[in-house]
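Single-structure report; data block below.
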Amino acid sequence: MTDQSTAAPIRVRIAPSPTGDPHVGTAYIGLLNLIYARQRQGQFILRIEDTDRTRFVATSEQEIFDSLHWLGLKWDEGPDVGGPFGPYRQSERTAIYREHIEILLANGTAYRSFETAEELEAMRKSQLAAKLPPRYNGAHRELSQAQIDAYIAEGRPFVVRLKVPAEGETSFRDELRGEIKFSHNNVDDQVLMKSDGFPTYHLANVVDDHLMRITDVIRAEEWISSTPKHVLLYKAFGWDLPRFWHMPLLRNLDKSKISKRKNPVSLIYYRQAGFLPGSMLNFLGLMGGGMPAGGKVNEEKNSQVEIFDLPKMIEQFDFAKISLGGPVFDLVKLKWLNGEYLRALTPKAFFDQLRNNLFSDDYLRAIAPLVQTRIETLSQFGDLADFFFRDDVTPPQDQFLPKKRTLEETLAFTAELLTVLETSDWTTEALDTTLRAAGAAKEWSVKENFMLLRAILTGRTTSPPLLESLVVFGKSRSLDRVRRFLDTQKKQRKP
RNA sequence: GGCGUUAUGGUGUAACAGGUUAACACGUCGCCCUCUCAAGGCGAAGAGUCCGGGUUCGAGCCCCGGUAACGCUACCA
């Protein structure tokens, strides 16, 4: 029952959410999906999962497109290129989800649940306090039609939940690991449709994958525990299951799931910091095995360098050879690989890279007005604007530490700044508001506040205007600089 | 806590369907080249394959039992 007709054309997809910077993990899973599709003359689809209105970021979708294109990952169907199974943006498919939720409500595999978010939160807390696994208590599983009608007439908001069978288990086949079983005791009655009428991931994902004729779901390992819910949904609709492939999770150096706190994860960062798309793709392809002999080309002398481009990966990548331990995303090795790519460039191509990226007209045009009034000879440009072109800066303590502050409170305040900056819009106006508010909240003067950030960003106490500099330097790289600063300070204090 | 997944040097990976001193790359260290730094060349250290049992003439590969790490445990994906 797991296999779709073998004659059906292979169709795979990635389904990123536009909730922030395009993630390196999206590129990783995207690459794997693309390789899988190309190896089998299949189709690769991009679907935007924008059902979470609270985390939605307007610019994010375009950034996902741009970053993926930068890497050379091309999709056959998607919101921007269209296709026969659209729309490819979930926010444009709400009518479809409503229709489908009606089917489940009608055949008794889902039910309305009228508790408020606060009630649920309270329930969760008390369960946790009692050391019980936090799960929905099923209070509204068997509401009578009369009660339901009454609640609805009252105008009480509700969510729709999956009615997981009380007994038994659900098992499915993971193509890389074999059979995986979950007892229904451990599968919660997942919310399928939120009270705002938007579907959750679980519903939208299953419905779309079926409607878009997806044959193989290739996604990250973190989804394994919710797969039984998805399987139950396919069954509830009476649909065939796709194949499931759960890929190992990219990790930080400490083996935890890769995160911006410990590692740059934004593709925008990597692009702006001057990594070449080819080396990034090559590196990603090496993560988790799959390539012959772990990336060793052959026994010939001098040809052991792990150089793979997309066509080569499509030719040689073997999904059966994927190793399941979570690979550490090792920035040191990525840099080495990128260096290899840089050195392999012709002098002309290398010059073009510099000219089109680090020293692009756009970048220089944005920086120029910030320094024009501050220099007397053109060569002083370098003295003042060097931080725009550097990988990192390290301000000495006497530069960043305000006179009246201890190192302790300064670092705490910096961490505070980091959190508010992460969610701030990246315009001078927004940054001004954000920073002033954060400073006021902790009783840091604007001067102390701005000076601190200036030192972190530029490595000195004299610089072009802070806000404008932040904007020009970009959000990803600016935040990375703050994180690295914090990290360096932490490491210096510990040992 | 519950459930699930995983486990080869510091890191990424190899090791045919169990068969010699566990291989390659990054990193580290040393030497050579050299005005410096890289790059490049040469070399070294570093794992006995998470631990404990078992099967076998023989186990990193098979079986059993532990442990640890990670993931999930939301009206987020």
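Residue numbers for the first sequence follow our numbering, beginning at 475 and rising by one.
Positions of the beta carbon are idealized from the N, C-alpha and C atoms, including for glycine.
Given this structure, state the Cα-to-Cα distance separating residue i from residue j, to the nearest angstrom.
i           : j           : result
residue 955 : residue 827 : 23 Å
residue 559 : residue 553 : 10 Å
residue 472 : residue 636 : Absent from the model: residue 472. The displayed extent of the chain is 475 to 969, so no value can be given.
residue 516 : residue 569 : 28 Å
residue 520 : residue 858 : 43 Å
residue 743 : residue 628 : 50 Å
residue 725 : residue 836 : 34 Å
residue 971 : residue 502 : Because the chain in this structure spans residues 475 to 969, residue 971 falls outside the shown range and cannot be described.
residue 775 : residue 649 : Note on residue 775: pLDDT 33, under 50, position unreliable in the model; no value is reported.
residue 814 : residue 748 : 13 Å
residue 839 : residue 589 : 55 Å
residue 529 : residue 903 : 21 Å
residue 523 : residue 489 : 6 Å
residue 899 : residue 600 : 37 Å
residue 448 : residue 716 : Outside the displayed range of the chain (475 to 969) lies residue 448, so it cannot be described from this structure.
residue 972 : residue 585 : Outside the modelled stretch of the chain, which goes from 475 to 969, sits residue 972, for which no answer is possible.
residue 671 : residue 576 : 12 Å
Assign residue i to buried or exposed, taking buried as 16 or more other Cβ atoms, counted over all protein chains shown, within 10 Å of its Cβ.
i           : result
residue 689 : buried
residue 543 : exposed
residue 783 : exposed
residue 581 : exposed
residue 805 : exposed
residue 623 : exposed
residue 938 : buried
residue 740 : buried
residue 500 : buried
residue 692 : buried
residue 613 : exposed
residue 728 : exposed
residue 945 : buried
residue 534 : buried
residue 943 : buried
Helix, strand or coil for residue i per DSSP?
i            : result
residue 557  : coil
residue 545  : helix
residue 708  : helix
residue 622  : helix
residue 595  : helix
residue 740  : strand
residue 1039 : As displayed, the chain neither begins before 475 nor continues past 969, which places residue 1039 out of reach and without an answer.
residue 802  : strand
residue 732  : coil
residue 687  : coil
residue 503  : helix
residue 771  : Below a pLDDT of 50, predicted positions are generally treated as unreliable, and residue 771, at 40, falls in that range; no measurement from the model is reported.
residue 809  : helix
residue 786  : helix
residue 654  : strand
residue 578  : helix
residue 498  : helix
When you compare each of the options to residue i by their alpha carbons, which one comes out closest?
i           : options            : result
residue 683 : 708, 695, 697, 727 : 708
residue 547 : 510, 629, 843      : 510
residue 868 : 659, 966, 571, 764 : 966
residue 676 : 650, 958, 705, 686 : 705
residue 957 : 551, 886, 614, 940 : 886
residue 915 : 641, 790, 521, 890 : 890
residue 621 : 641, 587, 950, 961 : 587
residue 972 : 491, 483, 490, 495 : Any answer about residue 972 is impossible in this case: the structure gives the chain only from 475 up to 969.
residue 764 : 758, 791, 781, 752 : 791
residue 699 : 532, 664, 795      : 664
residue 866 : 932, 823, 893, 812 : 932
residue 798 : 721, 817, 525      : 721
residue 819 : 897, 753, 557      : 753
residue 531 : 491, 513, 567      : 491
residue 918 : 883, 893, 666      : 883
residue 948 : 760, 907, 895      : 895
Would you say the segment 830–838 touches the segment 924–932, given that touching needs at least three Cβ pairs under 8 Å?
Flag = no, the segment 830–838 and the segment 924–932 do not touch.
Would you call the segment 607–615 and the segment 655–665 touching, i.e. three or more CB-CB distances under 8 Å?
Taking a cut-off of 8 Å for Cβ pairs, the segment 607–615 and the segment 655–665 touch, as three or more such pairs fall below it.
Meets three-Cβ-pair contact criterion under 8 Å: the segment 834–846 and the segment 873–880
Using a C-beta cut-off of 8 Å, the segment 834–846 makes no contact with the segment 873–880, since fewer than three inter-stretch Cβ pairs fall below that distance.
Are the segment 480–491 and the segment 744–753 touching by the rule of at least three beta carbon pairs closer than 8 Å?
Touching, no.
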